[in-house]
Amino acid sequence: MNARLATLGVSAARTELESRDRPNREKLTSATEAVHRLVRDGAVIGVGGTNHARTPMALLIEVLRQGRTGLTLARPLSCFEAELFLAAGMADRVMTSWVGIGHGWGLAPVLRHLVETGQATFEEWSHLGIGLRYKAGAMGVPYLPTMSMLGSDIDRRLELAKVTCPYTGQQLNAVPSLNPDVALLHVQRADTLGNAQIDGYELMDSDLALAARSVILSAEEIVATGELRRDPGRTVIPGFAVDAVVHQPMGAYPHECYGHYEADIAEFSAYMQAVKSGGVDGARAYVSALVAHPDHDAYLASIDPARLSAVRRTAEEMLRQ
Amino acid sequence: MMESATKIADGQRHSLQHPDAKPDEIMTIAASRLLEDGKVLFAGIGQPLVAAAIAKRRQAPQLTVLLEGGMIGVELAPGELPASTNEVRAAIGAQMFTGATDIFLMAQRGYFDYGFIGVAQVDQYGNVNTSVVGDIAKPRVRLPGPGGANDIASMCNQVVVVTQHEPRRFVEHVDFVTSPGFLTGGTSRRDSGLLYGGPRWVVTDLALLDFAPDSHRMRLRALQPGVTVDKVQAATGFELLVHEDVDVLAPVTDDELALLRHLVGASEDDNEEAAG
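In the order they appear, the protein sequences are chains P and S. Its first residue numbered 931, the first sequence is counted upward by one per residue in the working numbering. Its first residue numbered 150, the second sequence is counted upward by one per residue in the working numbering.
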C-alpha cells in the first residue's frame, strides 16, 4: 500500500481525544488567536465547504497572514483558495477531486504551473473518495469499502488496497480514513460552545468536523444556545467537537454563504487578472495585498460597499425563486 | 432495453441541420432528447443541466435532477446558470438538500438512472480523462480532475458522455483513466469490481454513439443532419464500429433552440461572461 495513505490512524486520533481536556466551555476567540494556537507547520488542513461554497476564507486568509510551511489542503473540490497557498509556498500538496476557479474560468493557472513543473503534488481522489475518508474518520473506523475509483488510474496511482466482502466475495476499494490535523469551517450560525447550524447544503462539513483532530469554526452569527434549542434538528456539529469559535460576518467572502451572500465574481476576476498579468508572482502579489489587511473586517472594508450589498441582495433573491 | 424506449431518430433522412444552431447547442439538444420522463439524473454544470432543463420542459416533466452539492430536484432558473455544482444558483427549486457524501452514496445504491459527464479525452471503450494531458508523473497540462465524474461513471445506471467531436478528444488511448468506461472492453469493467452501469451514449455535435454488445467498443449509432459517416470517422482518433442501421437525428427545432436560449439567458453573451 501507498505509504502516504498511512496517516495518523483513527485509533491514535481516538487516544488523543480521550486524553484531551474538553470542557463544555466558552470558545469564542479571534481568528488570530485560534490560528496561532491550532494551525501548525506541516498540518493537513481539512478545508470546509466545497469549491466556492462556505469556504472558510477569513480563517484561511489568517493562516496566510501568519504564514505556515508544508501544509496540505484537503477538500472535495478546491477553488482559488488552494492556489493562494500554493503560490505563497505555504502548501505543497492538495488532496482533492478537483481544482478550478469555476465553470467557464478555465484551468487553475498556479496549480497548473506548480504541478507541471513538479513543485506541488496534486493527490487526486474521487469526490466520494474524499467524502469517505472524512466519514471513516468521523465514524472511528480505519477504512470504508466502496466501488468508487475501481478500475481507474486514480485507484492505480493511489495504490488503494482492495477488500473482499466476507459475505458475498465482492471486491471493493478500501478507502482509508482521514483525520485532518485541523478543520477550518464556516457556518451560518453557532453558539459560543461551538454547536453549529448550517443552512442550505451541508456538503461534507459535519463529517469533517467529527474526523478532525481540532476544529476552528467561524460563523456569520453567534447566537445563544437557547436559540439553537428552538430547532435542534438543524444543529449538525456538536460543540464538543469544536476547539475555537470565531464570529466573522461575511467570513466566506469572496466565496458564498447560502442565504447571506453569493460569490463575488468581480473578486474572482481580480484574482485571475493578477495571475494573467503576473503568473505565479501575480498570485503572490494578490496574497500580499490580501494579508496586508490586519483582519477580515479590514479586508471587507476595502471592498466597494456596492459590491458587498449586491452579493447580499442576490443571495436573498435566489432564495425566493 | 433503453433503445426501444428512447426514440433516437424520427426515421427520416434529414440532410440539413437548423441553420442557426451552434455545435454546443446541437449536442445539448440531442442529449436532452435521450432523457425519459420519471427518471433520475445526476447532472453537472453547463450543458448537462441545460439539457435536463430542456427535457423537463418538453418530454420529461417528472425528471428529477440532482447535483453533487447534494441538491435534489433542482430547477434551472432561466438566465441563472450556476458556475458551480455547489452554489446558490444550483440550489434553486430544490426539494431536498443532503450531504455531498450522501448524494454519491445514493448513486452507489443505484438510484440514479442517468449520469452526465464531459471529457478532455475519451477512448473507444468510453474511458474518460479529465486529469492530465501527457504523463501523470510529469503532465504537459494538469487538468482539473474528476470532480464527481469518477463516481458518476462508476455508479450511475447509464452514463451519457457529452462532448464536441474532435480527434484530440476521441483518442486511441486516454492519457489517464479518470472516470472508467468499459476499461479494456469485454468483461474488464465488471472484473474490476464495477458491477453496474457503464457508458450508454456518447452525444456529440456530429453524431450519437453507443457501445457494441460484448466488445463494448464505441459504435456510431446515428448522425447529426448533414454529417457523413466519413466525417465522423475523420474526427475520431480510433476506428469506430458502425451500426448496421445508422439513423439520422432530427434537426434541432425552432422551439428547442428558443427554449435553450431562453434557459441560458436572454443576453447569452453576458451570461457566459458572468459564468466565467
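Cβ atoms here follow ideal geometry from the backbone N, Cα and C, with glycine treated the same way.
Assigned secondary structure, residue i (DSSP; H/G/I helix, E/B strand, else coil)
{"i": "Phe360/S", "result": "strand"}
{"i": "Ser164/S", "result": "coil"}
{"i": "Gln196/S", "result": "helix"}
{"i": "Asn276/S", "result": "coil"}
{"i": "Glu422/S", "result": "In this prediction, Glu422/S scores a pLDDT of 38, lower than 50, which makes its location untrustworthy; the coordinate-derived value is nonetheless stated afterwards. If DSSP states are grouped into helix, strand and coil, Glu422/S belongs with the helices."}
{"i": "Pro288/S", "result": "strand"}
{"i": "Arg318/S", "result": "coil"}
{"i": "Pro1184/P", "result": "coil"}
{"i": "Gln313/S", "result": "coil"}
{"i": "His1116/P", "result": "strand"}
{"i": "Tyr1229/P", "result": "helix"}
{"i": "Arg349/S", "result": "strand"}
{"i": "Ser960/P", "result": "coil"}
{"i": "Met220/S", "result": "strand"}
{"i": "Phe246/S", "result": "strand"}
{"i": "Gly1212/P", "result": "helix"}
{"i": "Tyr1097/P", "result": "coil"}
{"i": "Leu994/P", "result": "helix"}
For residue j and residue i, the rounded distance between their alpha carbons
{"i": "Ala1240/P", "j": "His1190/P", "result": "11 Å"}
{"i": "Asp173/S", "j": "Ala1141/P", "result": "43 Å"}
{"i": "Gly978/P", "j": "Asn1109/P", "result": "13 Å"}
{"i": "Ser153/S", "j": "Met304/S", "result": "Bear in mind that the predicted position of Ser153/S carries a pLDDT of just 44, short of 50, making it unreliable; the figure below should be weighed with that in mind. Distance between the alpha carbons of Ser153/S and Met304/S is about 23 Å."}
{"i": "Leu198/S", "j": "Asp1111/P", "result": "37 Å"}
{"i": "Asp404/S", "j": "Ala170/S", "result": "12 Å"}
{"i": "Asp354/S", "j": "His314/S", "result": "6 Å"}
{"i": "Tyr1073/P", "j": "Ser941/P", "result": "12 Å"}
{"i": "Ile1152/P", "j": "Thr1026/P", "result": "31 Å"}
{"i": "Gly242/S", "j": "Leu1123/P", "result": "34 Å"}
{"i": "Leu358/S", "j": "Thr336/S", "result": "20 Å"}
{"i": "Ala383/S", "j": "Phe319/S", "result": "10 Å"}
{"i": "Pro293/S", "j": "Thr1047/P", "result": "16 Å"}
{"i": "Thr1002/P", "j": "Ala1113/P", "result": "12 Å"}
{"i": "Gly1081/P", "j": "Glu1054/P", "result": "15 Å"}
{"i": "Val1145/P", "j": "Val391/S", "result": "57 Å"}
{"i": "His1043/P", "j": "Leu184/S", "result": "40 Å"}
{"i": "Val395/S", "j": "Ser341/S", "result": "32 Å"}
The alpha helix (DSSP H) enclosing residue i, as first and last residue numbers
{"i": "Asp1022/P", "result": "Unbroken run through Asp1022/P is the beta strand (DSSP E), Ala1021 to Thr1026; no alpha helix (DSSP H)."}
{"i": "Ala1104/P", "result": "Looking at the DSSP string, Ala1104/P is not in any alpha helix (DSSP H); the run it does join, the beta strand (DSSP E), is Gln1101 to Pro1106."}
{"i": "Glu1046/P", "result": "Pro1039 to Glu1046"}
{"i": "Gln257/S", "result": "Ala249 to Arg258"}
{"i": "Val189/S", "result": "Unbroken run through Val189/S is the beta strand (DSSP E), Val189 to Phe191; no alpha helix (DSSP H)."}
{"i": "Gly1059/P", "result": "His1057 to Met1069"}
{"i": "Met367/S", "result": "That residue, Met367/S, is in no alpha helix (DSSP H); its beta strand (DSSP E) goes Met367 to Leu372."}
{"i": "Thr1155/P", "result": "Thr1155 to Arg1159"}
Classification of residue i by the beta-carbon crowding that lies within 10 angstroms, buried from 16 upward
{"i": "Lys1092/P", "result": "exposed"}
{"i": "His1226/P", "result": "buried"}
{"i": "His982/P", "result": "buried"}
{"i": "Lys287/S", "result": "exposed"}
{"i": "Val1175/P", "result": "buried"}
{"i": "Thr1165/P", "result": "buried"}
{"i": "Arg995/P", "result": "buried"}
{"i": "Asp1161/P", "result": "exposed"}
{"i": "Ser949/P", "result": "exposed"}
{"i": "Cys1009/P", "result": "buried"}
{"i": "Met1079/P", "result": "buried"}
{"i": "Ser1207/P", "result": "exposed"}
{"i": "Thr312/S", "result": "buried"}
{"i": "Val271/S", "result": "buried"}
{"i": "His1185/P", "result": "buried"}
{"i": "Ser1056/P", "result": "buried"}
{"i": "Cys1187/P", "result": "buried"}
{"i": "Gln1178/P", "result": "buried"}
{"i": "Glu1065/P", "result": "The sequence given here has Lys at residue 1065/P, not Glu. Flag for Lys1065/P reads buried."}
{"i": "Val310/S", "result": "buried"}
{"i": "Glu946/P", "result": "exposed"}
Where the beta strand (DSSP E) through residue i begins and ends
{"i": "Ser1148/P", "result": "Val1145 to Ile1152"}
{"i": "Phe265/S", "result": "Tyr263 to Ile266"}
{"i": "Phe1052/P", "result": "Thr1051 to Glu1054"}
{"i": "Ile1167/P", "result": "Thr1165 to Ile1167"}
{"i": "Arg207/S", "result": "Neither: Arg207/S is in no beta strand (DSSP E) and is coded neither H nor E."}
{"i": "Asp1005/P", "result": "Position check: residue 1005/P holds Arg in this sequence, whereas Asp was assumed. Arg1005/P -> beta strand (DSSP E) spans Leu1001 to Arg1005."}
Checklist entry - Contact between the stretch 293-301 of chain S and the stretch 320-328 of chain S: three or more CB pairs below 8 Å? => result yes
Item to check | Three-pair Cβ contact test at 8 Å for the stretch 268-284 of chain S versus the stretch 200-209 of chain S | outcome: no
Item to check | Three-pair Cβ contact test at 8 Å for the stretch 1154-1171 of chain P versus the stretch 1095-1103 of chain P | outcome: no
Checklist entry - Taking one C-beta from the stretch 159-179 of chain S and one from the stretch 372-384 of chain S each time, how about it: are there three or more such pairs within less than 8 Å? => result yes
Next on the checklist: Within 8 Å, do at least three Cβ pairs link the stretch 229-246 of chain S to the stretch 1131-1147 of chain P?
Outcome noted: yes
Checklist entry - Are there three or more Cβ pairs, one per stretch, closer than 8 Å when the stretch 176-189 of chain S is compared with the stretch 393-412 of chain S? => result yes
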